[in-house]
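The numbering used here numbers the first residue of the sequence shown as -12 and each following residue consecutively.
Where a beta carbon is used, it is the ideal one built from N, C-alpha and C, also for glycine.
Keep in mind the model is a prediction, meaning the values are calculated, not measured.
To start, the structure itself, in C-alpha cells.
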Amino acid sequence: MFNKYRFLIVLFFLLMTFAGFSQSKANASFQIVPLGVLGGIDESNLSAYMVAAGGTNDYICLDAGTLHYGIEKAVKNGVLNIPTEQVLRRYIKGYLISHAHLDHIAGLIINSPDDTNKTIYALGSTIETIKKDYFTWEGWANFGDDGEAPALKKYHYQVLPPDSTISLKNTGMTVQAFPLSHSNLTSTAFLINSNGAYILYLGDTGEDDIEKSHNLQNLWTAIAPLVKSKKLKAIMIETSFPDDQPDKTLFGHLTPHWLMAEMHRLAALCGNGSLKNFNIIITHLKPPVNKIAAIKTQLKAENDLGLNLIFPQQGRSLNL
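If you want it as C-alpha cells, here you go:
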C-alpha cells in the first residue's frame, strides 16, 4: 500500500512538472531550435536556427549552414515530433540568410532537392551571390526563380531593403534587416517581430572600430527602445575567437572583449542597469574545443553588465 501511494505521489509531481513545462513553452514569445551553433570546420554543426512564434510550428530558419543533421538531433531529443524528413518540408517555411559564406548556407544548398517551395530572404548582395555562385547548373542546379536558365523556381528570392519591415510568409512574423560589416562583405542582422515581441539575430559581424563602420552603433540605436520596454527577448550574436586572437586576423568577427565593448555601447543607450539579466545567445564559436572553452570562460569573466549568457546546444530548444 505504501509503495502504491508513493507511486501516485511521484506520478502527480511528474504530471505537474510536465504541465508547467508545457505551459511555459506555450506562453513563450519564441521557440528556437538550434540546428547548428558553431562556425568553422565542423560541417555537421554550422550556423542555423529555426525560430517560430510561441505555440506554433511555423518556423523561419536563420541561416542554414547545417540542416539535416541538426534536425535529426532535434527529433532524437524530442524537440520536434515529426519524422526528420518531414521537418524540412513542413515546419521550415523559409530562410533568412545573413550572408553567403558556406558555413551559413551549405545546408540549404545540399538539401534543396528534397525541400519544398519556399522563400529565401536576404539583402540584394547576398541573393546575387547565391544566384551566380551556388544555384548554377555547373555547380549544382538552379533551384531559384531567377538566374541561370532553366530556373526550377523552387525558391523565390525576396530582397530585403534595409530598414523596411517585411512579412515572413506562412509564419505570422515580420522581419527588419540591418547591414553589418563582415570584413570584405556585408552581413545582416534580422530583427524579428511576433505580436509585439522581438528577437534579434546577427550574422557574422566585426566590431565597429576595427571595421571602420557605424553599423553596430546604428543597430543598437534602433533596438534600444525595445530593450528599455522589455519587448526584445534576446540578442543572438557571434563570438568567434578568444581574446588572444589578433585584431588583424579577426576577419570581421568578435572576441569576448569586443562583444562586451559593444554591449557597453548598447547599455549606454538603454540606461544604467538596463542589460542586467538580459538574454544574450552566443553563436558561431569556432573550434577547436580548447578555444571554445576559452571563449566561454572569458565571456563569463568579462560580463560586468550582468548579462544572461546563453550557450545554445544543437538540437536542444530555447523558449523565450
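(request) Check whether the Cβ atoms of H201 and E225 sit closer than 8 Å, and answer yes or no. (result) No, they are not a contact pair.
(request) Compare the C-alpha of W207 against each of L139, L189 and K141 and name the closest. (result) Selected option, being the one with the closest Cα: L189.
(request) Please determine, among L49, N259 and D45, the residue with the shortest C-alpha to C-alpha distance to L187. (result) Out of L49, N259 and D45, L49 has the C-alpha closest to the C-alpha of L187.
(message) Check for me: the alpha helix (DSSP H) holding A176 runs from which residue to which?
(response) Run containing A176: none in the alpha helix (DSSP H); it sits in the beta strand (DSSP E), L172 to S181.
(request) Following the continuous alpha helix (DSSP H) through L95, name the residue where it begins and the one where it ends. (result) Bounds of the alpha helix (DSSP H) holding L95 are A93 to N98.
(request) Could you tell me the boundaries of the alpha helix (DSSP H) in which K283 lies? (result) In this chain, the alpha helix (DSSP H) harbouring K283 covers V276 to A288.
(request) Note the first and the last residue of the continuous beta strand (DSSP E) segment covering P243. (result) Careful: P243 lies outside any beta strand (DSSP E), inside the alpha helix (DSSP H) at P243 to C257.
(request) Go through its chain and collect everything with a Cβ distance to A221's Cβ below 6 Å, but skip five positions before and after it. (result) The residues I186, N266, I268 and L307, in chain order, have a CB closer than 6 Å to that of A221 in the same chain once the five nearest residues on each side in sequence are set aside.
(request) Measure from the alpha carbon of D230 to the alpha carbon of each residue in N259, I179 and L286, then state which is nearest. (result) The option with the nearest alpha carbon to D230 is L286.
(request) Quick one: grab the DSSP three-state call for V24. (result) Annotated three-state conformation of V24 is coil, per DSSP.
(message) With three or more C-beta pairs closer than 8 Å as the rule, is the region 87 to 95 touching the region 31 to 39?
(response) Short answer: they touch.
(request) Count the other CB atoms, across all protein chains shown, that sit within 10 Å of the CB of P299; report buried if there are 16 or more and exposed otherwise. (result) In summary, P299 is buried, with 16 or more beta-carbon neighbours lying within 10 Å of its beta-carbon over all protein chains present.
(request) Compute the Euclidean distance between the alpha carbons of P70 and F238, then round it to the nearest angstrom. (result) Spanning the two alpha carbons is a distance of roughly 39 Å.
(request) Compare the beta carbon distance of S181 and A40 with 8 Å and say whether it is the shorter of the two. (result) Taking 8 Å as the Cβ cut-off, S181 and A40 qualify as a contacting pair.
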